[in-house]
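Everything below concerns the one structure shown next.
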Amino acid sequence: MNKSELNPSTANTGSYPLKLLHKFSLAFLISNFIAVLLLLGLVIWSLTSGFNAFVDSSDQQYFTRVKQSLTQVYQQHQSWQPLTENRELWRDVFKPDSGSAETKEAPGSENRASRRPPPRHERGDWNDRAPPREKRRDRNNRPPREERGNSNNRPPPRNNNDDVLKTERRISFYDANKVPFVGRQDIDENEWIEAITFNGETVGYLALVPAHAQENSPASIFLKQQYQMFALIALAVIFLAVVMALGLSRHLVAPIKSLIAATNRLRSGAYDTRVPLLTRDELGQLSENVNDLARTLEKNQSNRYQWMSDTSHELRTPLTVIKSQLIAIQDGIFQADEKKIALFIDEIEKLNRLVDDLYQLSSSDIGGLTYKKTEQQPLVLLSQVVENYRGKFEHCNLSISHNLDAPNAGAFKAIVDKDRIQQLFSNLLENCCRYTHPGGKINIISYNTGQTLEIQIQDSAPGVAVEKQARLFERFYRVEASRSRKYGGSGLGLALCKQIIEAHQGTITAMSSPLGGLCIKLTLPLSKY
């Protein structure tokens, strides 16, 4: 089995990875393209259906009016001959702007020639006029119309510019035997066919080809022009979408590239790296989080260097004392008496405490410091530690007061590790013994806030400046003016106290004491049951 089978992420290393910029651009383009196509389709469908409905409605009105006019003509004359011989009547019946045909002159009146349908050579390409009648002389013994030319008393055909849909070219008129007077030769070529009846008998047929069913009709040409215009608009919108997608994608990817560059520098150890805040959205929040991470890493690196320096210094001091004393004894300067041996033991004890504190802190950092939590009475545990330190307080000439012996002290319970909590209390009382001036006072006060137990351990002078109180919980930090190394502290006690209290979901803070020294305030969550 090769490595690519074990690691699927490296199986396709030959494929080109799609960058986020390209993904954003494709996402915008695809979404815009789909939106444009849907909008174009809906617009075309709406235009086509609406326009065809409008044209069909117009055709239906015209078709109905012509049929009514033809019916009136036949009811008046019981024949189609007057219609075919009276041009004015024919024009008024079939023109879209005509009124009712019943007001026109009846056939047989004077100037009949001026009322006949125009000859074919005057109609241009129209095929919708009455067909040519058989060559014969009329009752006035005049030659047929084809031989008479255009008489001066006959008006020329009138162009109807209002018929933009060319309705007259799409209508057909047939007699009862379906012989066309005008229009298509075959009646079945039409879509709309209605019979004209008189006294229950069919005397003719009127037919029409809808505008949308006829190729190259004005309606079809209009729709094609609109389709072409919509297509050009859609192409322009897609082009603008491409430009905007590229610009917007670059704008969105710019802060991400800054984050990538910053994280690469952080990975290489440049913890002073900061990401410029380009936006105030989620990416801006992510940039701020990366900056916070960089500051934390920078601070941890500085603390690690400082901790290593302080640790080596703390170890070097007792070792230097022991080494110098041993060299002096070896050279015969000092005698290895009980006083020197006691000095060695004291320095070794300092080393032992320092190593033990370092071990506990490092164990807490890596999660190796175990806690066996059970329900305990914190005030009772503190009272036991106070009793254990009472002799040391008397030795240091310190007086102590507290309210731990109150009747309800045992009612406050918390889930804690008994040994670690007692270690916490011991470290705090040890600091009071070390740093409080002889003749000073120590006061312990406890409060029940409902959900938490608050304990304050106050001592008298010397105090700590307010700006330095927050740093007391840093490793190896000392206030040299009052709490120097000569008191035997390693500078790790309060740091270890902070680790212990935070492991119990509590807090520890330092503040000025009303007795003139330092006050350490602890809070512990109480049990709910």
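Last residue of the sequence shown: 529 (full-length UniProt numbering), numbering continuous. The beta-carbon is built from N, C-alpha and C at its ideal position, and this holds for glycine as well. Every value quoted in this text rests on a predicted model; they were computed, and no experiment measured them.
Excluding five sequence neighbours on each side, which residues of the same chain lie with their C-beta closer than 7 Å to the C-beta of residue i?
i           : result
T449        : none
F412        : Q377, P378, L379, N448, L453 and L526
residue 533 : The first residue shown for the chain is 1 and the last is 529, placing residue 533 beyond what the model contains.
F230        : L40, V43 and I44
C396        : C433 and P438
A342        : none
L515        : K441, N443, Q458, D459 and S460
R184        : S172 and N190
L252        : F24
L496        : D357, Q360, L361 and N427
Mark residue i as exposed unless 16 or more other C-beta atoms lie within 10 angstroms of its C-beta, in which case mark it buried.
i           : result
A481        : With a pLDDT of 40 at A481, under the threshold of 50, the modelled position of this residue cannot be trusted, and the question is left open.
L223        : buried
E85         : buried
R91         : buried
W80         : buried
D459        : buried
Y389        : buried
K23         : exposed
K498        : buried
residue 531 : With the chain running from 1 to 529 in the structure shown, residue 531 is simply not present.
G391        : exposed
N111        : Annotation note: pLDDT 41 at N111 (below 50); position unreliable, coordinate value reported separately. Classification for N111: exposed.
K67         : buried
R420        : buried
S513        : buried
residue 539 : This structure cannot speak to residue 539, because the chain is shown only from 1 to 529.
N427        : buried
S362        : exposed
H504        : buried
T374        : exposed
N190        : buried
A35         : exposed
Y435        : buried
N431        : buried
Specify, as a first and last residue, the run of the alpha helix (DSSP H) that residue i falls within.
i    : result
C497 : G493 to A503
E467 : V466 to Q469
F224 : Sequence inspection shows Lys at residue 224; the Phe mentioned does not correspond to that position. Here the alpha helix (DSSP H) through K224 covers P218 to R267.
L472 : Counting along the chain, L472 falls outside any alpha helix (DSSP H), and DSSP gives it neither H nor E.
K392 : P378 to H395
N32  : L20 to H77
T449 : Looking at the DSSP string, T449 is not in any alpha helix (DSSP H), and its letter there is neither H nor E.
T509 : That residue, T509, is in no alpha helix (DSSP H); its beta strand (DSSP E) goes T507 to S512.
D92  : R87 to F94
What residue range does the beta strand (DSSP E) around residue i cover?
i    : result
G517 : G516 to P525
V182 : P180 to V182
T202 : E201 to L208
Q456 : T452 to S460
T197 : W192 to F198
I171 : I171 to D175
Starting from the C-beta of residue i, find all residues in its chain whose C-beta is less than 6 Å away, skip the five residues before and the five after it, and write them out in chain order.
i    : result
Q456 : I445, C519 and K521
Y271 : A294, L297, E298 and Q301
N443 : S401 and Q458
K166 : P218
Q469 : A510
V237 : V36
Please return the same chain residues whose Cβ sits closer than 8 Å to the Cβ of residue i, not counting the five positions on each side in sequence.
i    : result
F63  : I171, W192, E194, L206 and L208
A465 : V479
L259 : V275, L283, L286, S287 and V290
Q228 : none
V93  : V66, S69, L70, V73, L83 and A101
K528 : none
L278 : A254, P255, S258, G284 and S287
So residue i and residue j are in contact, right, with Cβ under 8 Å, and what is the actual spacing, rounded?
i    : j    : result
N32  : A234 : So it is not a contact: roughly 11 Å between Cβ atoms.
V290 : A261 : Contact flag wrong, Cβ pair sits at about 11 Å.
L494 : F473 : 5 Å
L398 : G440 : 5 Å
L351 : L297 : Going by Cβ atoms, the distance from L351 to L297 rounds to 32 Å, so no, they are not a contact pair.
L382 : I501 : Incorrect: roughly 13 Å between the Cβ atoms, too far for contact.
Y174 : G204 : 6 Å
Y371 : D337 : Contact doesn't hold; Cβ gap of about 46 Å is too wide.
I329 : K340 : 7 Å
T273 : R265 : 4 Å
F198 : Q72  : Rounded, the Cβ-Cβ distance is 11 Å, inconsistent with contact.
L20  : I256 : 6 Å
L358 : T311 : 7 Å
L47  : Q226 : 6 Å
> In chain order, which continuous runs of the beta strand (DSSP E) of length 3 or greater are located wholly inside the region 399 to 435?
Replying inline: Those beta strand (DSSP E) runs which fall completely within the region 399 to 435 and span 3+ residues are 399 to 402 and 414 to 417.
> Which ranges does the alpha helix (DSSP H) cover as unbroken runs of at least 4 residues, wholly within the region 256 to 344, from first to last along the chain?
Replying inline: As far as the region 256 to 344 is concerned, its whole alpha helix (DSSP H) runs of at least 4 residues are 282 to 330.
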